[in-house]
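For reference, the structure is listed below as structure tokens.
Here it is, written out as structure tokens:
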């Protein structure tokens with residue numbers, strides 16, 4: 001390499017040191033500013049693609065088993081004979097764990113109870129037990145003297161005698177890590193629901209659990225029927241979610257292996273690259289993901305590698321600018337609570353990210369990043385009739401673990417990767433009928449908040465198909481504090497599985513880095529059609545326009561896009 005080349009590369013590196021790594025008002029950028037801006041956008045795009053990829057390949061299965069409550073009348077009036085009952089006692093095996101049920105009959109103390117009144121007391125307590133999922137536990141009344149104003153109820157817990165498969169099951173079926181209960185425990189419907197979710201999370205598996213009488217009194221067997229289809233699936237995808245700088249059209253191939261170790265686990269590998277563009281640019285990515293359940297626990301690992309390159313004009317020559325990143329994360333989840341209408345899960349995650357950039361194959365040390373940290377949060381799913389609410393709230397903290405380096409922005413106090421960050425989202429889905437046609441309203445609110453300056457990779461960006469629709473994504477707004485509201489109203493066209501939808505989105509960013517932006521908020525809309533054909537082809541086509549953008553924010557007056565996926 002000659003001396004002249006070293007001087008040019010040194011001057012180019014000086015640009016990277018001297019400019020702030022934040023979005024700036026759009027002007028005709030110098031090469032260094034253009035490269036940094038492209039790198040920030042590519043990192044944000046890849047982060048959104050990874051989020052969508054995990055959603056598509058990790059089925060979110062939810063199982064709710066219903067039970068029949070005992071229909072309860074009012075307390076009978078003027079029963080003869082009747083007794084005033086002042087105290088109620090629940091006794092019997094495991095009765096200490098069911099004392100909470102007695103609150104259901106506090107109102108019985110206001111009534112003189114005869115035979116029908118006592119039966120109503122028993123049924124009220126029985127309904128309380130059923131509502132908590134103990135569908136084989138019973139309450140009984142033994143013969144006793146009620147003249148003393150005391151009623152003793154006897155609990156007979158319904159226990160599990162055996163958990164087993166039925167006779168027609170493949171050798172690949174496994175029980176040990178699916179149902180979070182065991183023989184001898186009191187049978188609870190919630191444990192069966194969790195077990196069914198662990199089975200059915202594997203897409204090719206069909207499973208059912210029957211409760212049948214056990215060999216001993218007051219016991220039941222859980223008999224599992226389990227069938228699987230083809231355990232290997234290959235899907236090919238094509239969309240135009242890329243950028244002009246590194247390739248607009250992106251192709252992908254995903255190989256999914258259901259239960260690769262025959263442990264009700266999941267694995268998928270995804271590779272992607274740009275297609276059809278013949279320019280001096282390109283991008284490639286590959287992802288590996290693995291998940292295994294263990295009762296109420298879930299363990300997941302994800303690795304993603306992404307590279308891109310493009311040519312940037314500089315004085316009398318063309319510079320080849322490239323970027324490379326690796327992201328690794330491990331996640332542990334634990335079901336904390338579930339009943340017929342609500343489910344709460346704790347999530348814990350550690351991560352490590354590494355990225356480099358180069359000009360003409362020479363690494364830019366000032367853009368070498370290695371960050372790490374942890375994240376903890378909660379997921380809440382609730383049902384209100386036929387409506388569903390999903391909410392997530394997480395706290396993320398960057399650390400110096402796994403050989404993490406100080407971020408380049410820390411030298412200029414313009415950002416840090418070792419600070420705290422709140423992230424959250426909430427989604428609400430409401431099906432409804434209009435003119436005897438099925439419709440659906442979906443709204444989601446996503447955001448993050450940090451009082452400290454963040455690195456560009458940790459900021460939240462808006463503008464594009466995954467955030468505020470109607471924008472082409474070539475320019476974005478990002479900040480430490482951000483909020484994104486997306487609304488869809490969709491019609492399942494004549495119940496044929498094709499959904500016509502109208503989207504309306506709004507996003508706003510704030511924070512220390514946003515003072516250099518041309519504005520803080522975007523609004524856009526999109527009209528599209530999505531659905532599935534022949535059960536193997538899924539698609540989404542849309543067109544959108546910006547509704548509001550700040551002056552100086554450059555984007556197309558209208559944008560259109562598509563995605564196509566074929567499962568082989």
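In the UniProt record's numbering, the protein residues as written are 1 to 568.
Positions of the beta carbon are idealized from the N, C-alpha and C atoms, including for glycine.
Proximity to residue 286 across 295, 276, 303 peaks at 303, based on C-alpha coordinates.
Counting the other CB atoms within 10 Å of its CB gives residue 51 a total below 16, which places it among the exposed residues. In this structure, residue 220 places its C-beta atom within 8 angstroms of the C-beta atom of residue 158. When the alpha-carbon of residue 224 is set against those of 173, 230, 233, 269, the nearest one is in 173. When DSSP states are grouped into helix, strand and coil, residue 132 belongs to the coil group. Per DSSP, the continuous alpha helix (DSSP H) segment holding residue 191 begins and ends at 189 to 200. Within the DSSP bridge table, the entry for residue 212 names 221 as partners. For a cut-off of 8 angstroms, the C-beta gap from residue 53 to residue 92 is around 52 angstroms, too long to register as a contact. When the Cα atoms are used, residue 374 and residue 400 turn out to be separated by approximately 11 angstroms. Rounded to the nearest whole angstrom, the C-alpha separation of residue 57 and residue 316 is 47 angstroms. As a beta-bridge residue in DSSP terms, residue 430 pairs with 441.
Beta-bridge partners of residue 88 (DSSP): 151. Within the segment 440 to 508, the runs of beta strand (DSSP E) that reach at least 3 residues and sit entirely inside it are, in chain order, 460 to 462, 477 to 479, 481 to 492.
With fewer than 16 neighbouring CB atoms inside 10 Å of its own CB, residue 61 falls in the exposed class. Note that the segment 193 to 204 touches the segment 251 to 268; at least 3 beta-carbon pairs, one per stretch, sit closer than 8 angstroms.
When the alpha-carbon of residue 555 is set against those of 392, 413, 267, 518, the nearest one is in 518.
Distances from the CA of residue 409 to each of 442, 382, 495, 366 were compared; the closest alpha carbon is that of 366. 507 is the residue among 507, 239, 492, 496 whose C-alpha sits nearest the C-alpha of residue 478. Rounded to the nearest angstrom, the gap between the Cα atoms of residue 418 and residue 372 is 8 angstroms.
For residue 94, the closest alpha carbon among the candidates 446, 153, 292, 163 is that of 153.
Residue 489 sits close to residue 441, with the two beta carbons spaced by under 8 angstroms. The segment 525 to 532 makes contact with the segment 544 to 560: 3 or more CB pairs, one atom from each, lie closer than 8 angstroms. Around the CB of residue 139, 16 or more other CB atoms lie within 10 Å, so the residue is classed as buried.
In this structure, DSSP gives residue 102 a helical state, which the three-state scheme calls helix.
Assignment of residue 517 by DSSP, reduced to helix, strand and coil, places it in the coil class.
From the listed residues 511, 122, 238, the smallest Cα separation to residue 540 is found for 238.
Non-local beta-carbon contacts of residue 350 in its own chain, meaning distances under 6 angstroms to residues more than five positions away in sequence, involve 330, 374 in chain order.
Per the coordinates, the alpha-carbon of residue 169 lies some 6 angstroms from the alpha-carbon of residue 226.
By the neighbour-count criterion, in which 16 or more other beta carbons inside 10 Å mark a residue as buried, residue 212 falls on the exposed side.
Three or more Cβ pairs closer than 8 angstroms define a contact, and the segment 426 to 445 falls short of that threshold against the segment 328 to 346.
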